[in-house]
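Student: After the structure tokens below, expect a handful of questions from me.
There are 2 protein chains.
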Amino acid sequence: MKTRIGILGYGNLGRGTEIAVAAADDMELAAVFTRRDPAGVKILTQGVPVVNVSEIENWKDKIDVLVLCGGSATDLPVQTPKYAELFNVIDSFDTHARIPEHFANVDAAAKKGGKVGMISVGWDPGLFSLNRVYANAILPDGKDYTFWGKGVSQGHSDAIRRVKGVRNAKQYTIPVESALESVRNGENPELTTRQKHLRECFVVLEDGADAAQVEKEIKEMPNYFADYDTTVHFISEEELLRDHAGMAHGGFVFRSGRTGVNKENNHIIEYSLKLDSNPEFTTSVLVAYARAVKRMADEGMTGAKTVLDVPPAYLCSQSGDELRAHLL
Amino acid sequence: MKTRIGILGYGNLGRGTEIAVAAADDMELAAVFTRRDPAGVKILTQGVPVVNVSEIENWKDKIDVLVLCGGSATDLPVQTPKYAELFNVIDSFDTHARIPEHFANVDAAAKKGGKVGMISVGWDPGLFSLNRVYANAILPDGKDYTFWGKGVSQGHSDAIRRVKGVRNAKQYTIPVESALESVRNGENPELTTRQKHLRECFVVLEDGADAAQVEKEIKEMPNYFADYDTTVHFISEEELLRDHAGMAHGGFVFRSGRTGVNKENNHIIEYSLKLDSNPEFTTSVLVAYARAVKRMADEGMTGAKTVLDVPPAYLCSQSGDELRAHLL
């Protein structure tokens with residue numbers, strides 16, 4: 001019997017989850033839940049109901065894993081604990097600083113409901129976290145480096161849009177190539193914020209706005225831009241929509257560590273992602289881990305889990321024998 | 001209480017294990033077992049006994065995990081099942097084609113003894129396997145690429161040494177840079193054996209040997225060299241020992257996969273290792289997984305396990321709370 005997936009929230013993540021479920025032989029989409037009027041939500045999959053979230057309790061016995069596709073700022077801190085009492089759930093909560101608090105809330109709710117609640121699944125947190133943990137365990141004496149990009153930072157794009165005179169904007173975070181090379185060469189550099197990433201901004205001005213003033217305000221904005229080498233390009237709204245609508249992203253995780261009687265040997269572990277679509281890749285990770293959630297729930301586990309708690313084989317539909325014969 | 005580690009076999013892997021255990025705060029080396037006369041084996045750690053393997057049964061209650069540091073060709077197929085009846089064991093068995101058989105033998109023995117027997121831990125099989133499995137689960141529609149090197153292949157070096165007229169030899173496996181670039185660029189190339197790796201040989205001739213004939217025999221050797229672009233350099237024994245004694249190695253695992261309604265988005269996952277010392281890195285992986293073996297045994301698990309069965313958090317001495325706060 002196929003694993004029955006529910007999706008809550010039908011934006012980029014919801015749509016990506018739907019696509020990833022369709023690509024999985026052992027899963028089927030049972031329903032999409034929305035806060036909007038279901039009549040106004042058109043999904044890709046034929047014959048699957050779109051249901052208002054107010055009716056979600058009626059689906060308790062018809063869904064194996066509910067994939068929560070809301071945002072980390074306000075949706076997931078409420079939704080994940082709430083629905084973990086009713087369903088096995090999985091989310092992509094990505095506010096690193098608030099993970100311990102979110103974990104505790106989901107853990108209590110999931111244990112109360114006898115469910116599994118998996119949080120913070122995606123690529124960072126998610127696959128990058130896995131790589132940091134594996135590499136730290138293997139090379140305890142070393143340094144970690146994480147670089148993001150090239151890709152759009154939503155938070156930085158929003159910050160630019162709040163500047164007076166700005167109509168629209170996209171901001172790319174770009175890793176500094178010479179920093180990547182220095183890490184790859186085993187130089188174990190101490191890198192400042194400025195030495196790790198560049199920030200490139202594409203800005204559409206309001207009519208009559210002062211370009212020089214806008215550029216100055218962006219470049220001097222504390223936390224967001226002041227500590228970086230920032231480039232500002234002024235373009236038309238048409239150019240922004242045409243050239244900067246993509247959702248590509250990526251990044252790099254390194255650990256450079258030493259072994260040997262006199263620490264004479266250096267080792268470099270590098271993990272990198274180059275993604276055409278950030279939401280589709282993130283949801284591909286979510287759906288693989290939804291398979292693990294089902295398996296852990298079937299084994300009787302309950303409570304909050306993260307990628308660090310999941311044996312890799314649990315992500316796969318193949319048997320242990322098949323995995324050992326072909327992928328080990 | 002620290003995890004008490006035993007080492008069986010004191011070559012490069014045994015020494016590497018000893019160094020990695022010394023670097024772990026939560027472990028201690030209990031004993032080194034050898035088939036040789038213990039009086040002739042000098043280890044690095046003060047105060048730790050070197051014991052003939054004939055006495056190993058006396059150590060049943062004094063060792064939490066026995067790290068088997070023998071070779072995959074003849075040692076481990078016998079040793080791992082044998083000692084899995086008496087101890088929790090871990091090995092680096094790396095003959096991919098024989099893993100299912102080895103797993104079955106170790107599984108039966110470990111279950112009989114109520115122990116955990118973890119096999120095929122290192123970087124390939126091991127970390128590369130993990131990356132293949134994660135990436136296949138996340139991107140089911142895609143292609144895998146594994147490249148090895150630059151590093152010495154022991155099997156190919158041995159094959160050259162069997163050629164008439166050769167006194168000594170080292171062979172480097174080198175990934176073809178243009179192939180790596182093509183994969184990184186998302187071109188999803190179909191690569192022949194020749195397009196993936198180069199083979200570079202450093203050969204010391206016997207006195208009076210025919211260099212041209214030796215070179216021809218190497219380059220035409222089926223399986224080992226005939227399908228590759230091979231370079232042969234003739235050097236002196238002194239040069240070989242001076243310039244080619246290193247144990248550096250490394251490699252790359254890629255998955256390039258598509259998502260999207262029309263498979264319009266490509267994603268590339270790349271994992272790579274650049275290692276100054278192949279044996280020291282391999283044993284760093286073994287020792288991290290020895291920590292997991294102890295934990296799995298403490299939880300009452302028995303039987304054969306591989307890296308695919310281990311939750312990443314089990315490799316770490318830190319608590320789940322610490323890992324979630326700092327590495328997730």
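Quick note, the sequences are listed as chains A and B, same order. The first sequence begins at 1 in the working numbering and counts up one residue at a time. The second sequence begins at 1 in the working numbering and counts up one residue at a time. Note that the Cβ used here is the ideal one computed from N, Cα and C, for glycine as well.
Nearest by alpha-carbon distance to residue 258(B): which of 266(A), 310(A) and 19(A) is it?
Tutor: Position 258 of the second sequence, counted from the start, is the residue given in the question as residue 258(B). Measuring from the Cα of residue 258(B), the nearest candidate turns out to be 19(A).
Student: So what's residue 60(B) in DSSP terms, helix, strand or just coil?
Tutor: The residue labelled residue 60(B) in the question sits at position 60 within the second sequence. The answer is coil: DSSP assigns residue 60(B) none of H, G, I, E or B.
Student: Do residue 106(B) and residue 114(B) have their C-beta atoms closer together than 7 Å?
Tutor: Position 106 of the second sequence, counted from the first residue, corresponds to residue 106(B). Position 114 of the second sequence, counted from the first residue, corresponds to residue 114(B). No, the Cβ-Cβ distance between residue 106(B) and residue 114(B) is not below 7 Å.
Student: Starting from the beta carbon of residue 189(B), find every residue of chain A whose beta carbon is closer than 8 Å, and list them in chain order.
Tutor: One-based indexing of the second sequence puts residue 189(B) at position 189. The premise fails here: residue 189(B) is roughly 16 Å from chain A at the closest Cβ pair, so nothing lies under 8 Å.
Student: Given a limit of 8 Å on CB to CB distance, which residues of the region 136-164 of chain A reach chain B?
Tutor: Within the region 136-164 of chain A, the qualifying residues are 136, 137, 138, 139, 140 and 141.
Student: In chain order, what residues of the same chain have a beta carbon less than 7 Å from the beta carbon of residue 45(A), not counting five sequence neighbours either side?
Tutor: One-based indexing of the first sequence puts residue 45(A) at position 45. Within the same chain, residue 45(A) has close Cβ partners 18, 22 and 29.
Student: When you compare the CB positions of residue 188(A) and residue 272(A), do they come within less than 7 Å of one another, or not?
Tutor: For this step, residue 188(A) is matched to residue 188 along the first sequence. For this step, residue 272(A) is matched to residue 272 along the first sequence. No; because the gap between Cβ atoms is not below 7 Å, this pair is not in contact.
Student: Look at the Cβ atom of residue 330(B), then the Cβ atom of residue 103(B), and state whether they are nearer than 7 Å.
Tutor: Coverage of chain B is limited to positions 1 through 328, which leaves residue 330(B) absent and any answer about it impossible.
Student: So within the region 207-244 of chain B, which uninterrupted alpha helix (DSSP H) runs reach at least 4 residues, ignoring any that extend past its ends?
Tutor: Qualifying alpha helix (DSSP H) stretches, in chain order: 211-219 and 237-243.
Student: Name the DSSP bridge partner or partners of residue 305(A)?
Tutor: Reading the first sequence from its first residue, position 305 is the one you call residue 305(A). Residue 305(A) pairs with 118(A).
Student: From what residue to what residue does the alpha helix (DSSP H) around residue 296(A) run?
Tutor: Taking the first residue of the first sequence as position 1, residue 296(A) is located at position 296. Residue 296(A) -> alpha helix (DSSP H) spans 278-298.
Student: Which stretch, first to last residue, makes up the beta strand (DSSP E) that contains residue 272(A)?
Tutor: Within the first sequence, the letter at position 272 stands for residue 272(A). Its beta strand (DSSP E) spans residues 265-275.
Student: Can you find the residues in the same chain that come closer than 6 Å, C-beta to C-beta, to residue 269(B), ignoring five residues on each side of it along the sequence?
Tutor: The count along the second sequence starts at 1 and reaches residue 269(B) at position 269. Closer than 6 Å at Cβ, skipping near neighbours: 135 and 255.
Student: Out of 246(A), 203(A), 27(A) and 55(A), point me to the one whose CA is closest to residue 150(A)'s CA.
Tutor: Translated into positions along the first sequence, residue 150(A) becomes position 150. Nearest option by C-alpha distance: 246(A).
Student: Which residues of chain B have a Cβ atom closer than 8 Å to the Cβ of residue 274(A), listed in chain order?
Tutor: Stepping through the first sequence from its first residue, residue 274(A) is reached at position 274. 184, 186, 267, 268 and 270, listed in chain order.
Student: What residue range is occupied by the uninterrupted beta strand (DSSP E) comprising residue 31(B)?
Tutor: One-based indexing of the second sequence puts residue 31(B) at position 31. From DSSP, the beta strand (DSSP E) with residue 31(B) extends over 27-34.
Student: For residue 120(B), count the other beta carbons within 10 Å of its own beta carbon; 16 or more makes it buried, fewer makes it exposed. Which is it?
Tutor: Residue numbering aside, residue 120(B) sits at position 120 when the second sequence is read from its first letter. Per the 10 Å Cβ criterion, buried.
Student: Less than 8 Å between C-beta atoms, sequence neighbours within five positions excluded: which residues of the same chain meet that for residue 31(B)?
Tutor: Position 31 of the second sequence, counted from the start, is the residue given in the question as residue 31(B). 6, 7, 48, 49, 50, 51, 59, 62 and 63.
Student: Express the C-alpha separation of residue 167(A) and residue 122(B) in angstroms, rounding to a whole number.
Tutor: Position 122 of the second sequence, counted from the first residue, corresponds to residue 122(B). Position 167 of the first sequence, counted from the first residue, corresponds to residue 167(A). Rounded to the nearest angstrom, the two C-alpha atoms are 54 Å apart.
Student: Residues in the region 93-126 of chain A with C-beta within 8 Å of chain B's C-beta atoms, listed in sequence order?
Tutor: Those residues of the region 93-126 of chain A that come within reach of chain B (Cβ to Cβ, closer than 8 Å) are 96, 99, 100, 103, 120 and 125.
Student: Quick one, which residues of the region 303-323 of chain A are near chain B if we go by CB-CB under 8 Å, in chain order?
Tutor: Of all residues in the region 303-323 of chain A, 306, 307, 308, 309, 310, 311, 312, 313, 315, 316, 320, 321 and 323 have a Cβ within less than 8 Å of some Cβ in chain B.
Student: Closer than 6 Å by C-beta to residue 233(A): which residues in its own chain qualify, once you throw out the five before and the five after it? Chain order, please.
Tutor: Stepping through the first sequence from its first residue, residue 233(A) is reached at position 233. 202.
Student: Check whether the region 283-295 of chain B touches the region 84-96 of chain B, counting contact only when three or more Cβ pairs, one atom from each stretch, lie closer than 8 Å.
Tutor: Enough Cβ pairs lie closer than 8 Å, so yes.
Student: 7 Å is my cut-off, CB to CB: does residue 328(B) come that close to chain A?
Tutor: As a position in the second sequence, residue 328(B) is number 328, starting the count at 1. Residue 328(B) counts as touching chain A.
Student: Can you tell me which of 69(B), 314(B), 200(B) and 71(B) puts its alpha carbon nearest to the alpha carbon of residue 170(B)?
Tutor: Translated into positions along the second sequence, residue 170(B) becomes position 170. Checked all of 69(B), 314(B), 200(B) and 71(B); the closest Cα to residue 170(B) is 200(B).
Student: Could you work out which residue in 140(B), 153(B), 141(B) and 220(B) is closest to residue 163(B) when comparing CA atoms only?
Tutor: Position 163 of the second sequence, counted from the start, is the residue given in the question as residue 163(B). Of the listed residues, the one whose Cα sits closest to residue 163(B) is 220(B).
Student: Please compile the residues from chain B whose C-beta is within a distance smaller than 7 Å of the C-beta of residue 284(A).
Tutor: In the first sequence, counting from the first residue as 1, residue 284(A) sits at position 284. Per Cβ cutoff of 7 Å: 138, 139 and 259.
Student: Hey, how far is the Cα of residue 71(B) from the Cα of residue 288(A)?
Tutor: Counting from 1 along the second sequence, the entry for residue 71(B) is found at position 71. Counting from 1 along the first sequence, the entry for residue 288(A) is found at position 288. Approximately 36 Å between the Cα atoms of the pair.
Student: Quick check on the DSSP output: the alpha helix (DSSP H) that includes residue 320(B) runs from which residue to which?
Tutor: For the purposes of this step, residue 320(B) is identified with residue 320 of the second sequence, where counting begins at 1. Unbroken alpha helix (DSSP H) run through residue 320(B): 320-326.
Student: Residues of chain A with a CB under 8 Å from the CB of residue 20(B): which are they?
Tutor: In the second sequence, counting from the first residue as 1, residue 20(B) sits at position 20. Chain A residues near residue 20(B): 259.
Student: How would you call residue 79(A), buried or exposed, if buried means at least 16 neighbouring beta carbons within 10 angstroms?
Tutor: Here residue 79(A) refers to the residue found at position 79 when the first sequence is read from its first residue. Counting Cβ neighbours within 10 Å, residue 79(A) comes out buried, since at least 16 surround it.
Student: Considering only the alpha carbon of each residue, which of 321(B), 302(B) and 156(B) lies closest to residue 108(B)?
Tutor: Residue 108(B) sits at position 108 when you count from the first residue of the second sequence. Checked all of 321(B), 302(B) and 156(B); the closest Cα to residue 108(B) is 302(B).
Student: What is the DSSP secondary structure of residue 162(A), counted as helix, strand or coil?
Tutor: Taking the first sequence and counting its residues from 1, one reaches residue 162(A) at position 162. Reduced to three states, the DSSP call for residue 162(A) is coil.
Student: Count the other CB atoms, across all protein chains shown, that sit within 10 Å of the CB of residue 241(B); report buried if there are 16 or more and exposed otherwise.
Tutor: Translated into the one-based positions of the second sequence, residue 241(B) becomes position 241. Exposed, because fewer than 16 other Cβ atoms sit within 10 Å of the Cβ of residue 241(B).
Student: Could you check whether the Cβ of residue 23(B) sits closer than 7 Å to any Cβ belonging to chain A?
Tutor: By one-based count along the second sequence, residue 23(B) stands at place 23. Judged by the 7 Å Cβ criterion, residue 23(B) is in contact with chain A.
Student: Leaving out the 5 sequence neighbours to the left and right, which residues in its chain are closer than 7 Å to residue 76(B) when beta-carbon positions are compared?
Tutor: Looking up residue 76(B) in the second sequence gives position 76. Only 68, 70, 91 and 93 meet the Cβ criterion.
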